[in-house]
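Okay, structure first, notes after.
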Amino acid sequence: MKRLILFLVAFAVTSPLFASARLTFDLKNGPTAIAWKQSAFPLTYSIDRSVLAAFPAGEESIRTAFNEWTTVPGSAVKFRYEGLVDSVRAGQDGRNVVTMSDPIFSSGSNFLAMTSYWNDDDGNMVESDIQINSVAANGHYNVKQLVEHEVGHFL
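In terms of the working numbering, the sequence shown is residues 1 to 155.
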């Protein structure tokens with residue numbers, strides 16, 4: 001019985017160490033972990049002005065959400081905010097952006113926000129976009145918490 005209790009305590013203490021997993025896809029060289037190259041940091045991002053129409057305090061809230069990830073102990077994650085942009089839609093265009101979702105996703109979908117990303121054939125992430133569903137603005141959701149969650153997928 002003591003061994004079982006010792007095992008359960010050891011498992012409970014160490015299990016958080018194994019709680020995360022890398023995205024892995026079968027690419028040209030077989031199973032490949034998908035991640036940003038270290039040289040990509042600081043990751044740049046912009047915010048589309050459409051977000052401010054839905055969330056008037058959105059710019060500061062989103063900047064704070066990104067910053068929260070830089071304060072995790074032991075984290076080497078860094079971001080650089082590049083300001084507001086006009087009429088940008090999510091899609092592979094060479095820049096990371098936070099925007100409102102395309103209408104096709106808004107009607108009848110069951111998400112408040114989503115993150116899309118693109119990688120090269122070697123598994124290096126090259127871009128990531130966060131889209132916020134207009135339903136989130138209408139439902140008075142906390143944009144900082146939504147984006148903070150999505151930044152985890154962005155990484």
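Glycine residues also receive a C-beta, built at the ideal position from the N, C-alpha and C atoms.
Tell me whether the beta-carbon of residue i lies closer than 9 Å to the beta-carbon of residue j.
| i | j | result |
| --- | --- | --- |
| E59 | R95 | no |
| D121 | K37 | no |
| D48 | M100 | yes |
| I34 | G123 | yes |
| I179 | F55 | Residue coverage of the chain in this structure runs from 1 to 155, which leaves residue 179 outside it and unanswerable. |
By the 10 Å Cβ neighbour count, where 16 or more other Cβ atoms means buried, how is residue i classified, buried or exposed?
| i | result |
| --- | --- |
| E82 | exposed |
| N110 | exposed |
| K144 | buried |
| A57 | exposed |
| D26 | exposed |
| V147 | buried |
| S50 | buried |
| N138 | exposed |
| H140 | exposed |
Taking the alpha-carbon of residue i as reference, which of the options has the nearest alpha-carbon?
| i | options | result |
| --- | --- | --- |
| H149 | L112, R89, T24, V97 | L112 |
| T32 | T99, A57, R80, M125 | M125 |
| D152 | V135, N133, S116, A137 | First, the amino acid is wrong: residue 152 is Gly here, not Asp. Out of V135, N133, S116, A137, S116 has the C-alpha closest to the C-alpha of G152. |
| A136 | G123, V85, A53, W118 | A53 |
| P42 | I62, T70, D86 | T70 |
| L155 | D26, G30, T44 | T44 |
| Q92 | S46, S75, W118 | W118 |
| F79 | G30, D86, E68, N138 | E68 |
| V85 | G74, A76, V98, P73 | V98 |
| S87 | N138, G139, D102, S134 | D102 |
| N142 | T64, G74, P73, V77 | T64 |
| A90 | S75, D129, G74 | D129 |
| A40 | S134, H140, G30, V77 | V77 |
Could you please give me the residues that DSSP links to residue i through a beta bridge?
| i | result |
| --- | --- |
| S75 | BP columns for S75 are empty, so no partner. |
| V151 | According to DSSP, which records beta bridges pairwise, V151 is partnered with nothing at all. |
| M35 | For the sequence presented, residue 35 should be read as Ala rather than Met. Paired residue(s): N124. |
- Query: Hey, which unbroken runs of the alpha helix (DSSP H) at 4 residues or more fall wholly within the segment 97-149?
  - Reply: Within the segment 97-149, the runs of alpha helix (DSSP H) at least 4 residues long that lie entirely inside it are, in chain order, 103-106, 134-138.
Check your understanding: In the segment 39-93, which residue ranges form an unbroken beta strand (DSSP E) of at least 3 residues, counting only runs that do not cross its ends?
Key -> Runs found: 43-48, 79-85.
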